[in-house]
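Here is the structure we will look at.
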Amino acid sequence: MTNAHPWFTQAVAELADPQNQRVWSIIVSLFGDMAQERGAKISGGALGRIIEPMGIKPEAIRVALHRLRKDGWIESDRVGRVSMHFLTEYGRTQSARVTPRIYARDPAPDTPLHLLIAEDGTGTRLLEDILLSHDYTPIGRNIALGPGSPPVDQDELLILEVTARSVPRWVHEKLFPPDLRAACRSLHEAVRHVSQGRPASWEPTPCQIATLRTLIVHRWRRVVLRLHDLPDSFCPPDWTGPACRAQVFRLLDQLPRPLPEDLNQD
109 MTNAHPWFTQ AVAELADPQN QRVWSIIVSL FGDMAQERGA KISGGALGRI
159 IEPMGIKPEA IRVALHRLRK DGWIESDRVG RVSMHFLTEY GRTQSARVTP
209 RIYARDPAPD TPLHLLIAED GTGTRLLEDI LLSHDYTPIG RNIALGPGSP
259 PVDQDELLIL EVTARSVPRW VHEKLFPPDL RAACRSLHEA VRHVSQGRPA
309 SWEPTPCQIA TLRTLIVHRW RRVVLRLHDL PDSFCPPDWT GPACRAQVFR
359 LLDQLPRPLP EDLNQD
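Below, the structure written as C-alpha cells:
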C-alpha cells in the first residue's frame, strides 16, 4: 500500500485500536460486517489487502485464521490456487447474535426495571446462572438489575419492580468503568476527525473501504457490547456514547459496505 492516498493512510492510523489489536478479533469483525451471509466467502488475497494496511503482517493473519478454524469460527477451501475463507454455522450464529446491538442506530428505549436479590448460598448460584443467560446487570454480589417484565418462576429470589430515583456515582463507575468511557471518547474523536478530513475527490477501492469499515466496526463493537440496556439516568455525566454512536454511523454511511465478490476482485 505504498501508493495509498495520504488521507487513507492517516485515517487507518487514527482508527486503529490504541489497545492491543488481536488479529483474530479483527477478522471476526470483518466477516461479521461484510461476509455474514451463508455462502459469502473472502479470498486470502482480499484479507491481505484489507488487513495488512493496518500494520498487520501476513504471517499474523495466517496464525489468526488457524486459530479461528481451530475454534470453529472459520472454514477454508480452495478454488484453484486461491484460498477462500467463510464463517461456519457457529460463526454465523455468533455474529448474528450480536449484530442487532452493534448496528442499532438508536440506544434501546427505556423499559421498566426490576431487581433480583439473592440470599447467600443457593440463591447466589441461581443468580449467577441467570446473569450468564439473560440481559442482567450485576450491581452487587447478590443483586442484579434487569429491563422489562420480571421472571415469574424464580421463587428463591426476591424480585422487585423498581424506578430509579437516584443513581449514585458508585453505580456509574460500576456500569461505565473508566476504561470503557475512555475507549468511547477516543473512538468518538477518531471517527469525527476522520469524517471531517475526508477529501471529496478521493475514490477508494472496495478493499480500502473494507479496511476503514473493519477498524470502525471493530472498535465500536468493543464499546457497545459492554453497554447495558438501561435508562439515560444510569449514564455518568462524561459519557459520550450517544455522540459516538451518531458519529460512527455517519462515517459508516460514507463508506458503503462492499460485496465479497468486489473485495475478491479488487
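Residue numbering for the sequence shown follows the numbering used here, beginning at 109 and increasing consecutively. Ideal placement from N, C-alpha and C gives every residue a C-beta, glycine not left out. The structure presented is a predicted model; accordingly, all values stated were derived computationally and were not measured.
{"Query": "Per the DSSP calculation, residue 252 is bridged to which residue(s)?", "Result": "224, 246"}
{"Query": "What number of angstroms, rounded off, separates the C-alpha of residue 357 from the C-alpha of residue 232?", "Result": "40 Å"}
{"Query": "Quick check on the burial criterion: 16 or more other C-beta atoms within 10 angstroms. Buried or exposed for residue 185?", "Result": "exposed"}
{"Query": "Would you mind working out which of 328, 267, 301 sits nearest residue 350, comparing C-alpha positions?", "Result": "328"}
{"Query": "Quick one: grab the DSSP three-state call for residue 131.", "Result": "helix"}
{"Query": "Give every residue of the same chain whose Cβ lies closer than 7 Å to the Cβ of residue 126, excluding the five residues on either side of it in the sequence, and list them in chain order.", "Result": "294"}
{"Query": "For residue 256, is the classification buried or exposed, using 16 other Cβ atoms within 10 angstroms of its Cβ as the cut-off for buried?", "Result": "exposed"}
{"Query": "Could you say which of 163, 254, 262, 120 lies nearest to residue 219 if we only look at CA atoms?", "Result": "254"}
{"Query": "Between residue 302 and residue 123, how many whole angstroms is the CB-CB distance? I'm expecting something under 8 Å.", "Result": "6 Å"}
{"Query": "Any idea which residues DSSP pairs residue 182 with across the strands?", "Result": "195"}
{"Query": "Tell me the residue span of the beta strand (DSSP E) that contains residue 269.", "Result": "266-270"}
{"Query": "My output table needs one value for residue 190: the three-state DSSP class, helix, strand or coil.", "Result": "strand"}
{"Query": "What residues in its chain sit with their C-beta under 6 Å from that of residue 109, if we drop five residues either side in the sequence?", "Result": "For residue 109, the pLDDT reaches just 49, beneath the cut-off of 50, and the residue's location in the model is therefore unreliable, leaving the point undetermined."}
{"Query": "Rounding to the nearest angstrom, what Cα-Cα distance links residue 251 and residue 128 in this structure?", "Result": "33 Å"}
{"Query": "Am I right that residue 360 and residue 317 are in contact with their C-beta atoms under 8 Å? What's the rounded C-beta distance?", "Result": "The Cβ separation is near 10 Å, so there is no contact."}
{"Query": "Measuring straight from C-alpha to C-alpha, what distance separates residue 140 and residue 196?", "Result": "12 Å"}
{"Query": "Between the C-alpha atoms of residue 229 and residue 266, what's the straight-line distance to the nearest angstrom?", "Result": "14 Å"}
{"Query": "Look up residue 150 in the DSSP assignment and say whether it is helix, strand or coil.", "Result": "strand"}
{"Query": "Taking the alpha carbon of residue 204 as the reference point, which residue from 130, 144, 345 has its own alpha carbon closest?", "Result": "144"}
{"Query": "Please report the Cβ distance between residue 115 and residue 306, rounded to the nearest whole angstrom; I am assuming they are in contact, meaning their Cβ atoms lie under 8 Å.", "Result": "6 Å"}
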